[in-house]
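Report on one structure; see the data block that follows.
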Amino acid sequence: MTTASQTINLPRIDLRGFTSPVQFLPRLSEELGIEVWAKRDDLGSVGLAGNKVRKLEMELAHAKALGATHIVTEGSRHSNATRAAAAAAAAIGMKCTLVLCHDEPKEPVGNLLLDALFGADLRLVGDVSWVELARLAEDVIRELEAGGERVYRLPIGSATGRGATSFARAYIEADEQIQAQGATFNTIVHASSAGSTHAGLTLGRAISRKATRIIGVIVAGEVYDDVPGNYLRLANEAASLIAPSISIAPSDLEMTEDYLGEGYGKPAAGVMEAVDLMARLEGIVVDPVYTAKAVAAIIDMARRKTIEGPVLFWHTGGYHAIFDPSYTSTIWSSLARLRDIRL
Ligand SMILES: Cc1ncc(COP(=O)(O)O)c(C=O)c1O
1 MTTASQTINL PRIDLRGFTS PVQFLPRLSE ELGIEVWAKR DDLGSVGLAG NKVRKLEMEL
61 AHAKALGATH IVTEGSRHSN ATRAAAAAAA AIGMKCTLVL CHDEPKEPVG NLLLDALFGA
121 DLRLVGDVSW VELARLAEDV IRELEAGGER VYRLPIGSAT GRGATSFARA YIEADEQIQA
181 QGATFNTIVH ASSAGSTHAG LTLGRAISRK ATRIIGVIVA GEVYDDVPGN YLRLANEAAS
241 LIAPSISIAP SDLEMTEDYL GEGYGKPAAG VMEAVDLMAR LEGIVVDPVY TAKAVAAIID
301 MARRKTIEGP VLFWHTGGYH AIFDPSYTST IWSSLARLRD IRL
């Protein structure tokens, strides 16, 4: 059997120190009448884990090789990606500056608190557009370079072909893990925004010559232009780095906006039920911005019988959002109603 590390040998810094488990979810499976497993990328050490850490293992190895001293990236004050970048930079002794948009949360809570805790220099730029945010990040880079720093720019969400290769490796890793447990999976479902997770998993499937259906549940459709085009570009950039004979076609990618609801970080049907079922049946936390939308998709498709099991829910992390008051109050009021809890 070809192992993940034999297949993909680009430089990588090990930031996680362990292989996240693939676990059977017996009680959710019984509830939905379909076998459901989880790949627990929400577990780990550096930066409180999540899918971004995998990408950073590739990106920061590259940054080090180029002699960079300083990481600059941008995102919202809620961003899991910026929090992971701050933590990873701390762990390998690089400086990190984060350019953060939005006005909420006002208080230093959730990922914003963690960004500061991990020692990042925070540039809070208010409620600007994503285009303006990228421009402001460029200004910060110029300023740091003028001061003698060697800056490595991480694009928003670490969405690069190099970052995506980490998810090709991850596909192979999960496939090995499930086979070792005498099982297989026919479908993977994961939360998707900037796209390198989906692009990488799709490439991993092509390298493994498997037919797994991989569904990217779009959670930020309105944030990015040309989502399918970007995903395709990321997948083929990743392929050019690790498997140049492979070409990913548009039809290889499967994304759905059916669970996006009102938009990024906004309510969607089924999200609170997903948070509730995962917590109550499996003791696993999913967050309303990302992973609960993927679980809502699994629940809905299982009920409508439009998904084939066994299903692997790829838990991409990110539950620190629930400690951010803008989400805590919504979760609490829905939960209190669902479970008739009074404080
Ligand atoms: C928890 C979580 N899940 C999923 C995603 C989506 O990952 P990608 O940007 O690779 O589509 C993100 C990225 O923002 C995330 O933070």
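Under full-length UniProt numbering, the residue at position 127 of the sequence shown is numbered 127, and the numbers go up by one with no gaps. For every residue, glycine included, the Cβ atom is placed at its ideal position computed from N, Cα and C. Given the structure is predicted, the values throughout are model-derived calculations rather than measurements.
Starting from the Cα of residue i, find the closest Cα among the options and give me that residue.
i    : options                : result
I322 : V36, G17, K39, V109    : V109
R213 : E35, I341, L312        : L312
E132 : S76, G263, A199        : S76
D324 : E104, K55, F167, G161  : E104
E74  : D115, V36, V286        : D115
A91  : S45, R153, V125, L136  : S45
S20  : P267, G50, A274        : G50
E222 : R205, T330, S193, T82  : S193
S245 : V271, I218, G229, A206 : A206
Given the structure, does residue i come close to ligand 1, in the sense that its CB is under 7 angstroms from one of the ligand's heavy atoms?
i    : result
T82  : no
Y290 : yes
N51  : yes
G317 : yes
S129 : no
T197 : yes
S192 : yes
A159 : yes
Reducing DSSP to helix, strand and coil, say where residue i ends up.
i    : result
Q177 : helix
T82  : helix
A38  : strand
L201 : helix
M255 : strand
G47  : helix
I189 : It should be pointed out that residue 189 corresponds to Val in this sequence rather than to Ile. Three-state result, V189: strand.
T97  : strand
L124 : strand
V275 : helix
Since residue i is in the beta strand (DSSP E), which residue starts that stretch and which ends it?
i    : result
T73  : 70-76
L312 : 311-315
I215 : 213-218
F24  : 22-24
How far does the alpha helix (DSSP H) with residue i in it extend, from its first residue to its last?
i    : result
R303 : 291-303
V227 : 227-242
T330 : 325-339
D115 : 110-117
Nearest chain C C-beta to residue i closer than 8 angstroms, yes or no?
i    : result
D324 : Absence of chain C from the displayed structure is noted, only one protein chain being present.
Every unbroken beta strand (DSSP E) inside the region 132-181 [3 residues or more] | 151-154
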